[in-house]
Amino acid sequence: MSIPRIAKLANVSLGTVDRALHNRGRISEETRSKILRIAEELGYQTNPRARALAIGHRQFRIGVCIPRALRQYFDSIYDGIESELNHFSEFRISLVNSSPEQPGDSRHQHIAYLLQQDIQALIVCPGDSHELTELIVSAKDAGIPVIFISSDAPANQRTSVVWVDPELLGRIAGELMARFLGGRGQVAVVTGNLSNHSHSKRAESFARRFEEIAVKGRCIETVEGHDDPKDTFEKVSVLLRRKANLKGIYVATGNCIPVCEAIDAQRKASGVQVIATDFFPEMVPYFERQMIVASVYQRPYWLGRYALQLALKAVLEKKPLQPSYLVQPQVILASNMHLAREYKKS
C-alpha cells in the first residue's frame, strides 16, 4: 500500500505521512495517530515504533519471573532485558517483576501474581515447568504471549523459547572433557535438578558424548545439587571421598564455585578437572589455577535481550513467533576469558 494512498485518506501531505510513519519531525499526536491507524488498516508495514505510536499512550507491561538464586547467571539475563528495554525508552513500557528468592522455590505463585497485573507478555525462566502448565494455558487463553528463557518443557504450551540447545551444551562439554583427559578416566556430572528439562538434557548428552570419544573413560554418576551452594558442596565432598579415582567433573549449571571449593577441601586440586557452565568473575582464580579448564558459556545477557525483543515483537507488531530461537554458545578458556562481558563488567 503506497504512502500517497494513506496521505489521501488522511487528508494530509506526503511529508506529514512520512513523519508519522518514521517518528520524525513535528506533528500533532492526533494527526500521527490518525495516519498510523489508517496505515494499519490498509496493511502498511510500519516499524515497531510506529505501531506503538499508533496505539497511542497505552502503557505496556511485561511480566518477568527470573530466579534470584545463582545471581551471577540470572542477573546477566535481567541486565540484558533492561538493556533492550532502553532501546524503547520513548514508549510507556515497564517491567513487572516477581521472582523466587531461594533455590528450588516454586514459580507458581509468582506467575499467578503476574497474570493478575494486566501484563501484555510474560518472560519466564521456567525451572521445573510441569507445575506451570495450567498457568501457561491460562495466559495463552488470555492472549498473553509467554516466552521461556534458558530452559524449556516440551509438553508445555508456551509461545516460544529462547535458549542454548541443552543437548549441544552437554555434547560440547563431553567432547572437551574427553580431550582434556586424553580419552580415559572416570568423570561425574553435577547438576541442579534432573526434573529441569535443560539440566537433564545437558547431563545425558555429556555422558553420551564423553563415552563416545573417551574409549577408556566412563561417566559414573550424576549429582543433584539443587543449585544450592551448601547442598552442592556437601554432596560433591561425599562424591570425592567415595570415588578416589575421579578425574573430571562437569558442572551442568552455573553453580561451579562450591564444586571447586569441595575439590580444594578434599585436597584433590591437582587431580580433578572441571568443565563449568557460563562465566562470572568468581571463576577467574580457578581458571588461573587450571582447576576449571573450560566453561561452556550460554551468553545470558544476550538471552535476556533476545527474550524482550520477542516479547515486544509479539505485543507491538502482533507477529507470530517461532516455537524456538537458539543462541549459539561459546567456549571460555583461561586464554579468552577476558573477552567475556562478565569479566569486563567486573
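First residue of the sequence shown: 597, per this note's numbering; consecutive thereafter.
Backbone N, C-alpha and C define an ideal beta-carbon position, used for all residues, glycine too.
According to the DSSP assignment, Leu899 belongs to the alpha helix (DSSP H) that extends over Pro896 to Leu912. Excluding residues up to 5 positions away in sequence, nothing lies with its Cβ nearer than 8 Å to the Cβ of Glu730 in the same chain. For Ala840, no beta strand (DSSP E) segment is defined, and its DSSP state is neither H nor E. Rounded to the nearest whole angstrom, the CA to CA distance from Cys661 to Ala848 is 22 Å. The DSSP-derived three-state label of Gly739 is coil. For the pair Gly676 and Asp614, the Cα-to-Cα distance works out to about 32 Å. In terms of Cβ geometry, Gly844 and Asp874 do not form a close pair [threshold 9 Å]. For Thr755, the CB contacts under 6 Å within the same chain, skipping 5 residues up- and downstream, are Pro741, Val742 and Leu917 in chain order.
A contact between stretches requires three or more CB pairs, one per stretch, nearer than 8 Å, and the region 904-921 fails this requirement with the region 784-796. An exposed status is given to Ser866, since fewer than 16 other beta-carbon atoms sit within 10 Å of its beta-carbon. Non-local C-beta neighbours of Arg775 in its own chain, meaning closer than 8 Å and more than five positions away in sequence, comprise Ile809, ordered along the chain.
Look at Leu917 here: in three-state DSSP terms it is coil, with no helix or strand label. Around the beta-carbon of Ser794, 16 or more other beta-carbon atoms lie within 10 Å, marking it buried. Taking a 10 Å sphere around the C-beta of Gln869, we find 16 or more other C-beta atoms and assign the residue as buried.
Going by DSSP, Lys812 is part of the beta strand (DSSP E) stretching over Lys812 to Glu820.
Counting only the Cα atoms, Phe829 lies some 8 Å from Gly821.
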